[in-house]
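All remarks here apply to the structure that follows.
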Amino acid sequence: DLEDANHLLQLKQSLNEMELSNLNNQLNPHEIKNLITSFAPDMIRRAPEAYKKMIKLFNVTRASLNNSLTESLAEQLKQVQDYLELQQSISPYPWDFELIDQMEDKDLELPRLLLKNLAENAVKHGIRPKKENGAIKITIERNPNYYQIEVRDNGNGNRLLEKDTAIDHSSTKIGLNSYQRFFYLTNKHNEKHAALSLDRIGSWTIAKILIPINYHYK
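Numbering follows the working numbering, with no gaps: position 27 of the sequence shown is 7.
In C-alpha cells, the structure reads:
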C-alpha cells in the first residue's frame, strides 16, 4: 500500500544518506577512477600490493553509491571479501576470517550492503576490541525452506548488552535495526517471513539472517 511504499522510500533514502555522508569531502568516484587509471601502470610496477588494496577500497566505496534496495549475492560476496581483507591489512593485531559460500545461485538478491555491514559490525564491535586471536566466520547456505546467512565473531559480546545494539550513532554506517525495519516492511508482502537476530552462543556473537525461498522485496 501507499504507506509501505513511503516507508521503503524513506529507508532507501536513509541507506543512501548514511552510507554517502562519509564521502562528502572526498573526490567524486568518477574522478577517483580517472586518477587510478592515470597512475595504475606505474603503481602496479612499483607497489603491486598497495595497488591491490587501493582497488579493493575503490570497489567497497563504489558499492555505497548503488541506488537500489537490493544487490546480488555475487556482488555482496566481492564487497565483503574486499572489506575484510582491507581491514586485516590495516589492523595492528592479526586476525582471521573465513567465508563459506555454499550457494549455487549467485543471483540471489539481498538487502543492499547486508554482508559488508554485518561484517563491519563484527570487526568494529567484536574483533577490534579483542586484540588477539580474533576470528570472523561468514556462512551462506540454502536450507529446504530458507536461505541462511550467519556472520559470527569471537569477540567478548559486549555489544549484546548495549541498549541499541543495532545502530551506532557516532557512525555513518547502517545498523542492524535498519535491516530489521526493512524485513518488517517486506514481510507484509510475503507469506513466509524473513528474520534477523543477534545472539551469543558459547564464545561467538552470531548475526543470523533467514530469508525464505522465493522471497520478494516489493
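For every residue, glycine included, the Cβ atom is placed at its ideal position computed from N, Cα and C.
Enclosing alpha helix (DSSP H) for residue i [first to last residue]
i, result
"Tyr197", "Taken as a continuous stretch (DSSP letters only), Tyr197 belongs to no alpha helix (DSSP H), as it is neither H nor E."
"Val60", "Leu53 to Ile70"
"Arg92", "Careful: Arg92 lies outside any alpha helix (DSSP H) and carries neither H nor E."
"Tyr73", "Run containing Tyr73: none; DSSP gives neither H nor E here."
"Gln160", "Leu156 to Asn167"
Straight-line Cα distance separating residue j from residue i
i, j, result
"Glu29", "Ser52", "28 Å"
"Asn136", "Gln56", "27 Å"
"Pro124", "Ile191", "11 Å"
"Trp184", "Lys168", "32 Å"
"His173", "Gln128", "13 Å"
"Lys110", "Ile181", "17 Å"
"Asn(-14)", "Asn113", "45 Å"
Same chain, Cβ closer than 8 Å to residue i, neighbours up to 5 away in sequence not counted
i, result
"Asp85", "Leu53 and Arg122"
"Leu49", "Leu(-12), Leu(-9), Lys(-8), Leu(-5), Pro91, Arg92, Phe162 and Tyr197"
"Asp(-16)", "Leu165, Lys168 and His169"
Proximal residues to residue i (C-beta, below 6 Å), its chain only, five neighbours per side dropped
i, result
"Gln67", "Val103"
"Val60", "Leu95, Lys96 and Ala99"
"Gln82", "Glu121"
Chain C contact for residue i (CB, 9 Å cutoff)
i, result
"Pro109", "The structure shown has no chain C; it contains just one protein chain."
Residue range of the beta strand (DSSP E) that includes residue i
i, result
"Ser177", "Ala175 to Ile181"
"Ile107", "Careful: Ile107 lies outside any beta strand (DSSP E) and carries neither H nor E."
"Pro192", "Trp184 to Pro192"
"Glu130", "Tyr126 to Asp133"
| said: Quick check: the region 107 to 124 against the region 156 to 167, are at least 3 beta-carbon pairs closer than 8 Å? | reply: no
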